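First the structure, in the form of structure tokens, and then the observations on it.
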Amino acid sequence: MQVVHRIRLSVMMLLAAGLASCAGVPGSAVLHPVGGPVGVGKPVDVLVATTRMRSEADGREFTAERNRGVSYAAYTVSIPPNHVAGEIEWPTTLPSNPATNFVVTGSQSLDKAGFSRTAMRDMKGSGEVIVFVHGYNTSYQEAVFRAAQLKHDNGLPEAVIAFSWPSKASLVDYLTDREASTFSRDYLEKTLDDLARTPGVRHINIIAHSMGGWLTMETLRQAKLRGNSTFLPKLGEVLLASPDIDLYVFGTQLDVIGKRNPPIMVAISEDDQALGLSQWLAGDVPRVGNVSTADNKAEWQREIAHYGLQVINMSNAKSRDAVNHGKFVGLIPALNQMVRAEARGRGSLLSRTGLFTAGPSGNVLQMPLKVGEAIAR
Numbered sequence: 001m002q003v004v005h006r007i008r009l010s011v012m013m014l015l016a017a018g019l020a021s022c023a024g025v026p027g028s029a030v031l032h033p034v035g036g037p038v039g040v041g042k043p044v045d046v047l048v049a050t051t052r053m054r055s056e057a058d059g060r061e062f063t064a065e066r067n068r069g070v071s072y073a074a075y076t077v078s079i080p081p082n083h084v085a086g087e088i089e090w091p092t093t094l095p096s097n098p099a100t101n102f103v104v105t106g107s108q109s110l111d112k113a114g115f116s117r118t119a120m121r122d123m124k125g126s127g128e129v130i131v132f133v134h135g136y137n138t139s140y141q142e143a144v145f146r147a148a149q150l151k152h153d154n155g156l157p158e159a160v161i162a163f164s165w166p167s168k169a170s171l172v173d174y175l176t177d178r179e180a181s182t183f184s185r186d187y188l189e190k191t192l193d194d195l196a197r198t199p200g201v202r203h204i205n206i207i208a209h210s211m212g213g214w215l216t217m218e219t220l221r222q223a224k225l226r227g228n229s230t231f232l233p234k235l236g237e238v239l240l241a242s243p244d245i246d247l248y249v250f251g252t253q254l255d256v257i258g259k260r261n262p263p264i265m266v267a268i269s270e271d272d273q274a275l276g277l278s279q280w281l282a283g284d285v286p287r288v289g290n291v292s293t294a295d296n297k298a299e300w301q302r303e304i305a306h307y308g309l310q311v312i313n314m315s316n317a318k319s320r321d322a323v324n325h326g327k328f329v330g331l332i333p334a335l336n337q338m339v340r341a342e343a344r345g346r347g348s349l350l351s352r353t354g355l356f357t358a359g360p361s362g363n364v365l366q367m368p369l370k371v372g373e374a375i376a377r
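Numbering of the sequence shown is given in the numbering used here, commencing with residue 1 and proceeding in unit increments.
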């Protein structure tokens, strides 16, 4: 048995080495404000709610340890002139160069009241907030910069909040990350409730990636079971991007959450190698984010029809990462266009359920076929 265990561990380590996605991400000091020429980059404001423990050595930084409570912070991130959409231009040395790298030009620790006031300011009268829930193997600094990148590249007028749970940001800590995300359920619910109580907030939208999808669905499930949720009446769009959720557990979560309007969007890619590793670790049980729509016709047909889901197949879309786990970054512009078209009364895709297909560029969504026909293809 020890030999078998060593073999499985060796295979996992080899796979992990091949799936590395956080290589080159600097330490937390990259979030220390940097002075520089005014007007070099474009400033983007991002809020953070986190269940990470503050560093004892430097109260400005957050660690991968768990905190039984929510801490708040605000950052102004400067996006460099040479920025490529979908990318984060990390510095190779510190301090960062605002002409070529993502740079923090301002940061502030907040209490709950300050968090609400800043959210009100960042909404700029739109009444909309977007909560980004990151996935496994994600550092605090990557969560902050990814939220800034999403806001900048898509011209989002909403207040953008990164909910950062205490991921170890290490591929070999998958199981630890799983527990850390589950640990954060009550605190994500509290954050969403606090946002719902913030004056002027009309809709709370969620973008959840990978293991963040598990955390989000568990939070929605428990909020529905409580029966007195403050945020559920204000919950708007929910995008589960490459969700790292057991396919059959997903069904039980939906049994409680039920059909939503607007429908929950699920973005999948059958060539997602990171979720392939997750599936292997879980005893080869399919993950929602990489399940084949051809091999699991019955399951998808039931989930889409019964729960009114929007399933977006990104398998044909190009990926910016080697393991095809970050395709959602290229999908957001198309979804943003759909939201704006819906608001102007020029589109109805957001209210439709069924299976959609993202084209090679990731920003063209084909019209859905009838559910049965779409799944059979």
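Cβ atoms here follow ideal geometry from the backbone N, Cα and C, with glycine treated the same way.
Every value quoted in this text rests on a predicted model; they were computed, and no experiment measured them.
Under 9 angstroms between C-beta atoms of T50 and M120 = no
May I have the straight-line CA-CA distance separating L110 from S71, to the nearest angstrom?
-> Distance between the alpha carbons of L110 and S71: 8 angstroms.
Can you name, in chain order, every residue of its own chain whose Cβ lies under 7 angstroms from the Cβ of R66, other than the five neighbours on each side?
-> Around R66: T51, M53, P166, A180 and F183.
Which residues bound the beta strand (DSSP E) around L171?
-> Element bounds for L171: n/a, residue is neither H nor E.
Return the chain-ordered list of same chain residues with a C-beta closer than 6 angstroms to the C-beta of P43, the five sequence neighbours on each side being excluded.
-> T76 and S78
Residue from A64, L188, R60 and G258 whose Cα sits closest to the Cα of R302 | G258
Distance between V30 and L94 (C-alpha atoms, nearest Å) | 7 angstroms
Note down the Cα distance separating Q310 from D58, rounded to an integer number of angstroms.
-> 44 angstroms
Of all the options V84, S96 and D177, which has the alpha carbon lying nearest to the alpha carbon of Q149?
-> V84
Limits of the unbroken beta strand (DSSP E) element including I257 | Note, I257: premise wrong, no beta strand (DSSP E); alpha helix (DSSP H) at L247 to I257.
Between the C-alpha atoms of P98 and R60, what's the straight-line distance to the nearest angstrom?
-> 21 angstroms
State buried or exposed for D194, treating a residue as buried only when at least 16 other CB atoms are found within 10 Å of its CB.
-> buried
Runs of alpha helix (DSSP H) lying entirely within the segment 271 to 306, each at least 4 residues, in chain order = 273 to 281
For E179, does the three-state DSSP call read helix, strand or coil?
-> If DSSP states are grouped into helix, strand and coil, E179 belongs with the helices.
For A57, the three-state DSSP class (helix, strand or coil) = In this structure, DSSP gives A57 a state outside helix and strand, which the three-state scheme calls coil.
Under three-state DSSP, which class holds V34?
-> Assigned with DSSP and collapsed to three states, V34 falls in coil, not helix or strand.
DSSP-derived helix/strand/coil call for E189 | helix
Does the segment 225 to 235 touch the segment 143 to 157, meaning 3 or more C-beta pairs lie closer than 8 angstroms?
-> They do not touch, by the three-pair rule.
Pick out whichever of T138, S107, E89 and V160 has its Cα sitting closest to the Cα of K124.
-> In terms of Cα proximity to K124, the closest of T138, S107, E89 and V160 is V160.
Taking all protein chains shown into account, do 16 or more other C-beta atoms lie within 10 angstroms of the C-beta of S319, making it buried, or fewer, making it exposed?
-> buried
Buried or exposed (CB count within 10 angstroms, at least 16 for buried), P81 | exposed
Can you tell which of G251, I204, P233 and F356 has the C-alpha that lies nearest to the C-alpha of E218?
-> G251
Using DSSP with H/G/I as helix, E/B as strand and the rest coil, what is H134?
-> DSSP places H134 in coil when its eight states are reduced to three.
List the endpoints of the continuous beta strand (DSSP E) containing L240.
-> Element bounds for L240: L235 to A241.
Residue-level contact to chain C via CB, D271, 9 angstroms cutoff | The structure shown has no chain C; it contains just one protein chain.
According to the Cβ coordinates, are P263 and A208 closer than 9 angstroms?
-> no
Does DSSP put E65 in a helix, a strand or coil?
-> If DSSP states are grouped into helix, strand and coil, E65 belongs with the strands.
So what does DSSP say about R202, is it helix, strand or coil?
-> coil
Going by the CB atoms, is the gap between S278 and Y174 shorter than 9 angstroms?
-> S278 sits close to Y174, with the two beta carbons spaced by under 9 angstroms.
For L9, does the count of other Cβ atoms within 10 angstroms reach 16, so buried, or fall short, so exposed?
-> Caution applies to L9, whose pLDDT of 39 falls short of 50 and renders its modelled position unreliable; the value that the coordinates give is listed next. Flag for L9 reads exposed.
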